[in-house]
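Novice:
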Amino acid sequence: MPSIHEILARVRDEVPGAELVTFAGAAHMVNLEQPDRFLETVLEFLERADEASGDGEDPPR
Numbered sequence: 869m870p871s872i873h874e875i876l877a878r879v880r881d882e883v884p885g886a887e888l889v890t891f892a893g894a895a896h897m898v899n900l901e902q903p904d905r906f907l908e909t910v911l912e913f914l915e916r917a918d919e920a921s922g923d924g925e926d927p928p929r
């Protein structure tokens, strides 16, 4: 059986636009253990995804 690291690397490789970020010293609750870095990482990812969408408009709600 593959390790979780192998599974996550495969997901990253197979899903277009996917990224794999490792937070040194964090365990299962990275959003609580390193909230500032977690938020910064998520916001940067979302900004890149928004720019890649190309239309510049917010999605419908």
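According to the working numbering, the sequence shown is numbered sequentially starting from 869.
All C-beta atoms in this analysis are idealised placements derived from N, C-alpha and C, irrespective of residue type, glycine included.
Considering only residues of the segment 881 to 914, which uninterrupted alpha helix (DSSP H) runs meet the minimum length of 4 residues and lie entirely inside it, listed in chain order?
Specialist: Counting whole runs of 4 or more residues, the segment 881 to 914 contains the alpha helix (DSSP H) stretches 898 to 901.
Novice: Should glutamate 887 and alanine 894 be called a contact, given that it needs their Cβ atoms to be closer than 8 Å?
Specialist: Numbered from 1 along the sequence shown, position 19 holds the residue referred to as residue 887. Numbered from 1 along the sequence shown, position 26 holds the residue referred to as residue 894. Their beta carbons are not under 8 Å apart, which means glutamate 887 does not touch alanine 894 by this criterion.
Novice: Do valine 889 and valine 909 come within 8 Å of each other at the CB atom, strictly closer than that value?
Specialist: The sequence position of residue 909 within the sequence shown is 41, counting from 1. The sequence position of residue 889 within the sequence shown is 21, counting from 1. Just to set this straight, residue 909 is threonine in the shown sequence, not valine. A contact, by the Cβ cut-off of 8 Å.
Novice: Assuming phenylalanine 891 contacts arginine 905 under a Cβ cut-off of 8 Å, what Cβ separation, rounded to an integer in Å, is found between them?
Specialist: Counted from its first residue, the sequence shown places residue 891 at position 23. Counted from its first residue, the sequence shown places residue 905 at position 37. That pair is a contact at about 6 Å.
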